[in-house]
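Visitor: This structure is in structure tokens; I'll ask about it shortly.
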Amino acid sequence: MPAKKDKKNNLAMQVLIISIVIFAILLVGSLKGRFLVPVDNWVYQWNLSMPKPTIPLVMMLISGIMNPGGAMFLGLLALIALIGLKRHRQATMLILAMVVGYLATEIFKAILQRPRPDIRLAYVTGFSFPSGHATMAAIYFGMLILLFKDDFKNTIAKYFFIAACA
Numbered sequence: 000m001p002a003k004k005d006k007k008n009n010l011a012m013q014v015l016i017i018s019i020v021i022f023a024i025l026l027v028g029s030l031k032g033r034f035l036v037p038v039d040n041w042v043y044q045w046n047l048s049m050p051k052p053t054i055p056l057v058m059m060l061i062s063g064i065m066n067p068g069g070a071m072f073l074g075l076l077a078l079i080a081l082i083g084l085k086r087h088r089q090a091t092m093l094i095l096a097m098v099v100g101y102l103a104t105e106i107f108k109a110i111l112q113r114p115r116p117d118i119r120l121a122y123v124t125g126f127s128f129p130s131g132h133a134t135m136a137a138i139y140f141g142m143l144i145l146l147f148k149d150d151f152k153n154t155i156a157k158y159f160f161i162a163a164c165a
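Below, the structure is given as structure tokens:
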């Protein structure tokens, strides 16, 4: 069993390192100025190729799920479930992860002040990097996987849950 746990820890460390490297590349690129403009242009061209009104509807749905109100609502549901299961330490972990993630996002936005691209897929105000929606979604759904994956006895159900959260 220890070898299996070491393998999981190793994979988690690899994912963490890759995530930090990607964030660092985006951070340095944002600080240098026009680094992300080709990405913005690609998204804009992709948007033009999609049938309307599919994209605005999808973008509104994605933005709505993890806007501050949506994130708080989903976090509250998970918090209630954890408290109901008497998993208070995990409930505290969830709260801390979401609060620290939100604060870190706001601090980086204030420091970087990257304006939003002139591509209005959905109406959102404020600076664009790092994405608060993406950050909160990654934290929330990542924490759901971490906190609830071992509750599934059926392997197929467990992997379905992980895939649904991912």
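Under numbering that gives the first Met the number 0, the residue at position 13 of the sequence shown is numbered 12, and the numbers go up by one with no gaps. Ideal Cβ placement from N, Cα and C applies to all residues, glycine included.
Can you tell me whether R86 is helix, strand or coil according to DSSP?
Guide: Position 87 of the sequence shown holds residue 86. Coil.
Visitor: Select from H87, L93, S130 the residue whose C-alpha is nearest the C-alpha of I106.
Guide: Position 107 of the sequence shown, counted from the first residue, corresponds to residue 106. When each option's Cα is compared against that of I106, the closest is S130.
Visitor: My output table needs one value for K148: the three-state DSSP class, helix, strand or coil.
Guide: Reading the sequence shown from its first residue, position 149 is the one you call residue 148. If DSSP states are grouped into helix, strand and coil, K148 belongs with the helices.
Visitor: Mind checking whether L102 and L78 have CB atoms under 8 Å apart?
Guide: For the purposes of this step, residue 102 is taken as the residue at position 103 of the sequence shown. For the purposes of this step, residue 78 is taken as the residue at position 79 of the sequence shown. Cβ atoms of L102 and L78: not closer than 8 Å.
Visitor: Under a Cβ-count criterion, where at least 16 other Cβ atoms within 10 Å of its own Cβ denotes burial, should L143 be classed as buried or exposed?
Guide: Residue 143 sits at position 144 when you count from the first residue of the sequence shown. Per the 10 Å Cβ criterion, buried.
Visitor: Would you decide whether H132 is buried or exposed? Buried here means 16 or more other CB atoms lie within 10 Å of its CB.
Guide: To locate residue 132, count along the sequence shown from 1; it is residue 133. H132 comes out buried.
Visitor: Please determine, among T134, F72, L75, R88, the residue with the shortest C-alpha to C-alpha distance to V99.
Guide: Position 100 of the sequence shown holds residue 99. Considering only alpha carbons, the answer is T134.
Visitor: Can the beta-carbon of M71 be found closer than 8 Å to that of I138?
Guide: Within the sequence shown, the letter at position 72 stands for residue 71. Within the sequence shown, the letter at position 139 stands for residue 138. Not a contact, by the Cβ cut-off of 8 Å.
Visitor: I need the DSSP call for S130, collapsed to helix, strand or coil.
Guide: Translated into the one-based positions of the sequence shown, residue 130 becomes position 131. S130 falls in the coil class under three-state DSSP.
Visitor: Can you give the beta carbon distance from Q89 to L81, rounded, assuming they're within the 8 Å contact cut?
Guide: Position 90 of the sequence shown, counting from 1, holds the residue named residue 89. Position 82 of the sequence shown, counting from 1, holds the residue named residue 81. Contact holds; Cβ gap of about 5 Å.
Visitor: Can you list, in chain order, the residues of its chain whose CB lies under 6 Å from that of L25, leaving out five sequence neighbours each side?
Guide: For the purposes of this step, residue 25 is identified with residue 26 of the sequence shown, where counting begins at 1. There are no such residues.
Visitor: Whole angstroms is fine: what's the gap from F22's alpha carbon to G74's?
Guide: Residue mapping note: residue 22 aligns to position 23 of the sequence shown, counting from 1. Residue mapping note: residue 74 aligns to position 75 of the sequence shown, counting from 1. Their backbone Cα atoms lie some 24 Å apart in a straight line.
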